[in-house]
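Asks:
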Amino acid sequence: MGIISSGQPKMFFRKVALKDSNEIRLNADMIRLLMAIDESKDVLQISKEIGMDISLLKQMLSKLLKLKLIEPVEKSIRFLNKNFLESLRLNLSEAVGPMAQILIEDTVADMGLKMSEIPDHQAAELISNIAQEVPEENNQIEFKKTMIEIMRKNRL
2 MGIISSGQPK MFFRKVALKD SNEIRLNADM IRLLMAIDES KDVLQISKEI GMDISLLKQM
62 LSKLLKLKLI EPVEKSIRFL NKNFLESLRL NLSEAVGPMA QILIEDTVAD MGLKMSEIPD
122 HQAAELISNI AQEVPEENNQ IEFKKTMIEI MRKNRL
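Numbering (the numbering used here), first residue to last: 2 to 157.
#1: What residues in its chain sit with their C-beta under 6 angstroms from that of E40, if we drop five residues either side in the sequence?
#2: Measure how close the beta-carbons of F144 and L93 come, nearest whole angstrom, since I'm counting them as under 8 angstroms.
#3: Would you identify the three-state DSSP class for M15, choosing helix, strand or coil?
#4: Look up E50 in the DSSP assignment and say whether it is helix, strand or coil.
#5: Let me know the secondary structure DSSP gives I71 once reduced to three states.
#6: Figure out for me which residue from A110, S63, K115 and M53 has the closest Cα to the Cα of L81.
#7: Starting from R90, trace the alpha helix (DSSP H) in both directions and tell me its first and last residue.
#8: Nearest to L66 by CA position, among A18, L89 and S77, is which residue?
#9: At the level of alpha carbons, what is the spacing between N130 and T108?
#10: Kindly indicate which residue of R26, E150, I128 and Q46 has the alpha-carbon position closest to the one of Q141.
#11: Exposed or buried, S48, counting other C-beta atoms within 10 Å across all chains shown (16 or more means buried)?
So, in structure tokens, the structure goes:
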């Protein structure tokens, strides 16, 4: 099994405190990666943050795993539900009319996501990206206000 594959959910790792004090040798890339690992960041976020390409990142993760300096973390990712997406569509329809659904789908695709798999932690980014496409500033502001209130109610 590869460390990162396209069909796999986001992978998270955490640092592990070693129980024994055997000598460990790390190269600069391994140290850079180890310093950036935080269980709240997935490997793609870390890759962008430290400017390391995915193939090198995979190699360094494998080495750190073998050395038992990191371990995988299971994270359950919650996705935006149909009610939220319907509220998004209805509110956007008030601002842009019948193009709302197409605008939502295009924005989701531009973010590299699927309509059925939009992580709830990306709701604000989605709303912000969509709002930028609303032609009139007054409509943009009203759309954002309404959606922020809906996010609060849904605890996003």
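Quick reminder that beta carbons are idealized off the backbone N, C-alpha and C, glycines included.
Replies: Looking at the atomic coordinates:
#1: One-based indexing of the sequence shown puts residue 40 at position 39. Once the five neighbours on either side are set aside, the close Cβ partners of E40 are F13, R15 and V74.
#2: Start at 1 with the first residue of the sequence shown, and residue 144 comes out as number 143. Start at 1 with the first residue of the sequence shown, and residue 93 comes out as number 92. The Cβ separation is near 6 angstroms, so the contact holds.
#3: Start at 1 with the first residue of the sequence shown, and residue 15 comes out as number 14. Before going on, a small fix: residue 15 reads as Arg here, not Met. Residue state, collapsed to three classes: strand.
#4: Residue mapping note: residue 50 aligns to position 49 of the sequence shown, counting from 1. DSSP places E50 in helix when its eight states are reduced to three.
#5: If you number the sequence shown from 1, residue 71 lands on position 70. Strand at I71.
#6: Within the sequence shown, numbered from 1, the residue matching residue 81 stands at position 80. Closest by alpha carbon: K115.
#7: Counting from 1 along the sequence shown, the entry for residue 90 is found at position 89. From DSSP, the alpha helix (DSSP H) with R90 extends over K83 to V97.
#8: Working through the sequence shown from its first residue, we reach residue 66 at position 65. Ranking the options by Cα distance to L66, first place goes to A18.
#9: As a position in the sequence shown, residue 130 is number 129, starting the count at 1. As a position in the sequence shown, residue 108 is number 107, starting the count at 1. The straight-line gap from Cα to Cα measures roughly 7 angstroms.
#10: Translated into positions along the sequence shown, residue 141 becomes position 140. For Q141, the nearest C-alpha among the options comes from I128.
#11: Taking the sequence shown and counting its residues from 1, one reaches residue 48 at position 47. Result: buried.
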